[in-house]
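Quick notes on the structure that follows.
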Ligand SMILES: [Mn+2]
């Protein structure tokens, strides 16, 4: 138990070997995961903007077609310019950020370099198998943005208002507005430091969280309409078919966050959103409430992530995948020992 008298919990310290590997490199390829979220883009953008100050040449591996409509704001705001396959061919280091599994790296067109260039792997996913030559995995960190902030400080980089805005967006999104169990004292402290460094908080939060297109807004009503609750009130889920997505001019990556709809029901321990993102592939977004970890559930179906927030992808139609997952999820929530709600 932490008491008022004790020292406040410190943000995670950067291992010296991580700083050394970055200092020794000259041309550094930056990469994150497929379907990049705000934390991934923020981590990429902040390092891309900061590394030239140290005399480095950073190259962004970011197939722009993979960025969701709302998050394209971050790309424009920070002036991020993706590299070509030619640019990264002669890099001497890869910095992988926020990527739980090597096969989730957003490698489109750049696969070849992964086999021969050493990787620094920085992440906060509990399931990260440490696929880099150097690994800094802190599953107690709120976000990779939190780790990137500590890294840039350790390397002596200036936290400009643009870098602060990006990293704040990553922290804010991964903690869901500083409201989840990963909203730790270090996360809040770094949020405070980013605000002091000039993070444009209302602007970036409006663009990321209060800027649905008409189509996305309509899709939200589909997610509400398709939400079901289990008999014991512990599981809520919703489904979105490819037809429902495309009819509103949206893509699957525009609605990942809408698992928050079934999650918002009182008493829910587990929420799931089933999204048919492409024909024959269903994305599963799992969220745990009331201290419940959904990681084991996601791993059972070949996925991974964090304790309170995990994902998986499965082959099959929506009907087949929900038919397979829901009985397992129902049994899982039925077996949970939960404190009664006050
Ligand atoms: Mn993250």
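Residue numbers (our numbering): 1232 to 1573.
Note that the Cβ used here is the ideal one computed from N, Cα and C, for glycine as well.
Bear in mind the structure is a predicted one, so any value in this text is a computation, not a measurement.
Alpha carbon of residue 1456 to alpha carbon of residue 1506, nearest angstrom: Cα to Cα, residue 1456 sits roughly 14 Å from residue 1506.
Contact under 9 Å by Cβ, residue 1574 with residue 1409: No answer is possible for residue 1574: it lies beyond the span of the chain, which begins at 1232 and ends at 1573.
The region 1385–1399 in contact with the region 1352–1362 per 3-pair CB rule at 8 Å: Result no; under three Cβ-Cβ pairs closer than 8 Å.
Residue nearest to residue 1534 in terms of C-alpha spacing, selected from 1257, 1570, 1334: If we check each option's Cα against that of residue 1534, 1334 comes out closest.
Rounded C-alpha distance that separates residue 1537 from residue 1531: If I take the Cα positions, the gap works out to 14 Å.
Buried versus exposed, by CB contacts within 10 Å (16 or more), residue 1235: The predicted position of residue 1235 is uncertain, since its pLDDT is 49 and thus under 50; a value taken from the coordinates is nonetheless stated next. Residue 1235 counts as exposed, since fewer than 16 other C-beta atoms from the protein chains shown sit within 10 angstroms of its C-beta.
Beta-carbon gap between residue 1494 and residue 1520 smaller than 9 Å: With a cutoff of 9 Å on beta-carbon distance, residue 1494 and residue 1520 are scored as near each other.
Alpha-carbon to alpha-carbon, residue 1351 and residue 1252: Across the structure, residue 1252 and residue 1351 are spaced so that their CA atoms are roughly 8 Å apart.
Beta bridge counterpart(s) of residue 1327 as assigned by DSSP: Bridge pairing for residue 1327: 1262, 1352 [DSSP].
Member of 1294, 1384, 1471, 1439 whose CA lies at the smallest distance from the CA of residue 1425: If we check each option's Cα against that of residue 1425, 1384 comes out closest.
Cβ-heavy atom distance, residue 1356 to ligand 1, below 8 Å: Flag set: Cβ of residue 1356 near ligand 1.
Buried/exposed call for residue 1331, threshold 16 Cβ in 10 Å: With at least 16 other beta carbons inside 10 angstroms of its own, residue 1331 counts as buried.
Counterpart residues of residue 1437 in DSSP-defined beta bridges: DSSP lists no partner for residue 1437.
Where residue 1507 sits in the DSSP three-state scheme: Collapsing the DSSP output to three states places residue 1507 in a strand.
Own chain partners of residue 1468 with C-beta closer than 8 Å, once the 5 adjacent residues on each side are dropped: These residues qualify, in order along the chain: 1458, 1459, 1493, 1502, 1503, 1504, 1505, 1553, 1557, 1560.
Spatial distance of residue 1245 from residue 1376 (CA atoms): If I take the Cα positions, the gap works out to 13 Å.
Boundaries (first-last residue) of the beta strand (DSSP E) holding residue 1292: Per DSSP, residue 1292 belongs to the beta strand (DSSP E) from 1288–1292.
Residues that DSSP places opposite residue 1517 in a beta bridge: By DSSP's assignment, residue 1517 forms a beta bridge with 1503, 1541.
Residues bridged to residue 1366 (per DSSP): Answer is 1352, bridged to residue 1366.
Check whether residue 1430 and residue 1392 have beta carbons under 9 Å apart: Yes; because the gap between Cβ atoms is below 9 Å, this pair is in contact.
Sufficient close CB pairs (3 or more, under 8 Å) joining the region 1367–1375 to the region 1294–1308: The region 1367–1375 vs the region 1294–1308: no contact.
Separation of residue 1453 from residue 1416, as counted between CA atoms: A direct Cα-to-Cα measurement between residue 1416 and residue 1453 gives close to 37 Å.
Beta-carbon contacts of residue 1499 that lie in its chain and below 6 Å, excluding the five residues immediately before and after: Around residue 1499: 1467, 1520.
6 Å CB neighbourhood of residue 1564 in its chain, flanking five on each side removed: For residue 1564, where only same-chain residues beyond five positions count, the Cβ hits under 6 Å are 1465, 1466, 1500, 1501.
Span separating the alpha-carbon of residue 1510 from that of residue 1473: Those two C-alpha atoms are separated by around 7 Å.
Host alpha helix (DSSP H) of residue 1252 (start-end): Secondary structure note for residue 1252: its alpha helix (DSSP H) is the uninterrupted segment 1247–1255.
Residue nearest to residue 1541 in terms of C-alpha spacing, selected from 1250, 1441, 1491, 1241: Residue 1541 has its Cα closest to that of 1491, out of 1250, 1441, 1491, 1241.
Nearest-angstrom Cα separation, counted from residue 1328 out to residue 1276: Within the model, the alpha-carbon separation for residue 1276 versus residue 1328 is close to 11 Å.
Residue 1485 beta carbon less than 9 Å from that of residue 1263: For residue 1263 and residue 1485, no; Cβs fall outside 9 Å.
Beta-carbon separation (whole angstroms), residue 1311 vs residue 1279, contact threshold 8 Å: Yes, they are in contact, since the Cβ atoms of residue 1311 and residue 1279 sit about 6 Å apart, within 8 Å.
Whole runs of the beta strand (DSSP E) within the region 1445–1477, excluding any shorter than 3 residues: When DSSP assignments are scanned along the region 1445–1477, the uninterrupted stretches of beta strand (DSSP E) that are 3 or more residues long and fall wholly within it turn out to be 1466–1471.
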